[in-house]
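Enquirer: Handing you a structure now.
Okay, here's the thing in structure tokens:
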């Protein structure tokens with residue numbers, strides 16, 4: 001019989017602040033992480049906003065002599081990893097704990113700096129240490145090195161679904177006995193060129209010259225707003241958590257993975273792939289659609305994905321059959337969004353509250369779902385979390401929040 | 001010791017290793033590695049390349065590296081010694 005997989009810690013370095021409780025407090029209060037970009041110039045861009053880090057001081061988390069060798073993605077990963085480990089009271093320096101990180105952009109800051117040096121000053125000017133940061137798995141490796149986590153170390157690059165891919169893989173790894181715990185989730189930081197390329201390719205709101213905003217499922221949605229943050233959790237076998245005597249935020253009941261085989265950078269144009277993966281996750285969890293109390297959608301304010309995902313949700317749950325939330329109205333779109341959704345689901349439902357879907361003011365009739373536009377009471381503790389990457393990779397989790405919030409049980 | 005050169009060496013060390021301190025905080029004779037400035041083996045490669053780029057000195061083997069990369073003073077000595085070996089450019 002397979003062991004249950006529980007979430008015993010969460011670490012958030014986010015556009016809503018630092019720490020899981022702060023993140024969820026502000027999310028439920030309807031705060032947004034999206035604001036005008038100040039970290040670089042957006043001159044000659046059509047878009048000028050993003051969800052930017054709030055209150056993040058990397059020096060709080062890492063010795064300055066180490067910090068000098070770590071780029072933006074690594075800093076996010078190390079800080080979120082430390083927060084998650086501390087929150088779970090997880091032992092470090094062990095073979096029993098691994099790291100599974102999802103990221104769309106880790107290494108990009110260093111790659112851009114490295115190539116700039118190479119092009120402008122030649123090969124003798126490039127930094128040897130800078131080069132090692134250009135590799136996509138640097139952030140996960142840094143977490144392993146810093147905390148002595150010698151279990152499996154894996155990095156997923158599944159674009160917007162990266163964190164959910166990491167969590168799904170870690171869940172499978174725990175079930176297979178590959179480790180007793182994983183620090184897993186996602187990290188992404190916005191690099192200037194990354195922003196400008198997305199702006200130039202007209203992926204960002206406003207794609208049509210209308211007002212810029214992230215508006216999942218809204219009639220006026222016109223493209224994504226980019227997000228930033230590190231959202232990691234400690235995923236652990238129930239047996240390990242029981243041995244250590246730690247309370248869990250909740251449980252991962254089921255995972256589903258699949259694809260839509262659409263264009264390389266295109267969103268799925270029909271719902272069957274998303275439907276199939278949701279049904280796989282529900283079956284893996286041993287629950288029916290009617291058991292689910294909320295669906296955290298991948299919907300990201302793009303005309304296509306929001307409509308197609310809404311059709312998929314309607315097919316599985318029935319039209320308006322389940323409250324639907326998208327956090328991307330508050331957090332923007334990024335590779336760590338699945339980690340953010342997992343924390344929001346477990347901590348939020350643990351408090352009995354669903355977060356709002358910011359930006360959805362005029363629900364699109366072409367999206368036949370019951371969008372939870374304001375924070376509201378939840379009728380139960382089961383959530384489904386979708387992650388869709390452009391290109392069609394699809395992941396889904398079914399999770400259950402603990403019926404008594406962890407903070408109260410600790411007290 | 002040439003104090004101007006010592007200052008330039010300190011600036012190069014801080015810059016190429018991205019140290020979280022000011023050049024003037026580095027004493028001339030403080031050990032660069034281990035106890036002292038706290039540099040480690042990963043810094044050696046960057047430092048050797050940085051000194052070559054900034055001052056034209058080549059540290060070609062480990063033995064020379066151990067002797068030279070002790071402190072700012074020993075680096076300055078190598079640079080001065082190397083300068084002395086460069087034949088004067090005819091006008």
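Chains as they are written, first to last, in my numbering: chain A, 1 to 411; chain B, 1 to 91.
For glycine and all other residues, C-beta sits at the position ideal for the given N, C-alpha and C.
What is the C-beta distance between residue 56 (chain A) and residue 18 (chain A), in whole angstroms, given that I count them as a contact (C-beta under 8 Å)?
Expert: About 6 Å; that satisfies the 8 Å criterion.
Enquirer: With C-beta atoms as the reference, is residue 187 (chain A) less than 8 Å away from residue 346 (chain A)?
Expert: Against a cut-off of 8 Å, the Cβ pair of residue 346 (chain A) and residue 187 (chain A) comes out as no contact.
Enquirer: Going by alpha carbons, who is nearest to residue 362 (chain A) out of A:16, A:217 and A:154?
Expert: Minimum Cα distance to residue 362 (chain A) is reached at A:217.
Enquirer: Going by beta-carbon coordinates alone, are residue 282 (chain A) and residue 259 (chain A) separated by less than 8 Å?
Expert: Cβ atoms of residue 282 (chain A) and residue 259 (chain A): not closer than 8 Å.
Enquirer: Using Cβ-Cβ distances below 9 Å, what residues of the segment 54-70 of chain B are close to chain A?
Expert: Those would be none; no residue qualifies.
Enquirer: Which two residues bound the contiguous alpha helix (DSSP H) that contains residue 87 (chain A)?
Expert: Start and end: 72-88.
Enquirer: Any contact of the segment 180-194 of chain A with the segment 90-102 of chain A, i.e. 3+ C-beta pairs under 8 Å?
Expert: These segments touch.
Enquirer: Which residues in chain B have a C-beta closer than 9 Å to the C-beta of residue 68 (chain A)? List them in chain order.
Expert: By Cβ distance, chain B contributes 17, 18, 19 and 20.
Enquirer: Report the neighbours of residue 125 (chain A) on chain B: residues whose CB is nearer than 8 Å to its CB, in chain order.
Expert: Within 8 Å Cβ-Cβ: 53.
Enquirer: For the segment 302-388 of chain A, list the beta strand (DSSP E) runs that are entirely contained and at least 3 residues long, ordered along the chain.
Expert: Correct list: 323-325 and 382-388.
Enquirer: Checking the sheet assignment: what are the DSSP bridge partners for residue 137 (chain A)?
Expert: Note: residue 137 (chain A) sits in no beta bridge, so no partner.
Enquirer: Tell me whether the beta-carbon of residue 209 (chain A) lies closer than 8 Å to the beta-carbon of residue 158 (chain A).
Expert: For residue 209 (chain A) and residue 158 (chain A), no; Cβs fall outside 8 Å.
Enquirer: How is residue 118 (chain A) classed by DSSP in three states: helix, strand or coil?
Expert: Helix.
Enquirer: Tell me which residues share the same chain as residue 320 (chain A) and place their Cβ nearer than 8 Å to its Cβ, disregarding the 5 neighbours each side in the sequence.
Expert: Closer than 8 Å at the Cβ level, and outside the excluded window around residue 320 (chain A), lie 314, 368, 369 and 370.
Enquirer: Against chain A, with Cβ distances strictly below 8 Å, would residue 11 (chain B) count as a contact?
Expert: No, residue 11 (chain B) does not count as interfacial toward chain A.
Enquirer: Beta-carbon of residue 64 (chain A) versus every beta-carbon of chain B: anything under 8 Å?
Expert: Yes - at least one Cβ of chain B is within 8 Å of the one on residue 64 (chain A).
Enquirer: To which residues of the same chain is residue 277 (chain A) closer than 6 Å at the C-beta, ignoring the five residues directly before and after it?
Expert: Hits under 6 Å: 256, 258, 394 and 396.
Enquirer: List the residues of chain A whose Cβ lies closer than 8 Å to the Cβ of residue 49 (chain B), in chain order.
Expert: Near residue 49 (chain B) (Cβ distances below 8 Å), the residues of chain A are 124 and 128.
Enquirer: Just the C-alpha distance for residue 388 (chain A) and residue 15 (chain B), rounded to the nearest angstrom, thanks.
Expert: In a straight line, the C-alpha of residue 388 (chain A) is about 42 Å away from that of residue 15 (chain B).
Enquirer: Relative to the alpha-carbon of residue 227 (chain A), which residue among A:5, A:26, A:35 and A:7 has its alpha-carbon at the smallest distance?
Expert: When each option's Cα is compared against that of residue 227 (chain A), the closest is A:35.
Enquirer: So, for residue 212 (chain A): in the same chain, excluding its five sequence neighbours on each side, which residues have a beta-carbon less than 6 Å away from its beta-carbon?
Expert: Cβ within range, chain order: 47, 49, 205 and 206.
Enquirer: Comparing the CB of residue 101 (chain A) with every heavy atom of the ligand COA, is any distance shorter than 7 Å?
Expert: Within the structure as shown, the ligand COA is missing, as the structure has no ligands at all.
Enquirer: If I follow the unbroken beta strand (DSSP E) through residue 16 (chain B), where does it start and stop?
Expert: It is not in any beta strand (DSSP E) - residue 16 (chain B) instead sits in the alpha helix (DSSP H) that spans 3-17.
Enquirer: Only counting the same chain, and skipping five residues up and downstream in sequence, which positions put a Cβ closer than 7 Å to that of residue 61 (chain A)?
Expert: Only 78, 79 and 82 meet the Cβ criterion.
Enquirer: Going by beta-carbon coordinates alone, are residue 271 (chain A) and residue 294 (chain A) separated by less than 8 Å?
Expert: Not in contact: residue 271 (chain A) and residue 294 (chain A) (Cβ atoms no closer than 8 Å).
Enquirer: From A:91, A:135 and A:67, pick the residue whose C-alpha is nearest to that of residue 109 (chain A); which is it?
Expert: Nearest C-alpha to residue 109 (chain A): A:135.
Enquirer: With 8 Å as the C-beta to C-beta threshold (strictly closer), list the residues of the segment 20-49 of chain B near chain A in chain order.
Expert: Those would be 20, 38, 42, 45, 46 and 49, in chain order.
Enquirer: Three or more beta-carbon pairs under 8 Å between the segment 157-175 of chain A and the segment 348-360 of chain A, yes or no?
Expert: Because the criterion of three Cβ pairs below 8 Å is not met, the segment 157-175 of chain A and the segment 348-360 of chain A do not touch.
Enquirer: If you run the structure through DSSP and keep just helix, strand and coil, what is residue 221 (chain A)?
Expert: Three-state DSSP puts residue 221 (chain A) in coil, outside helix and strand.
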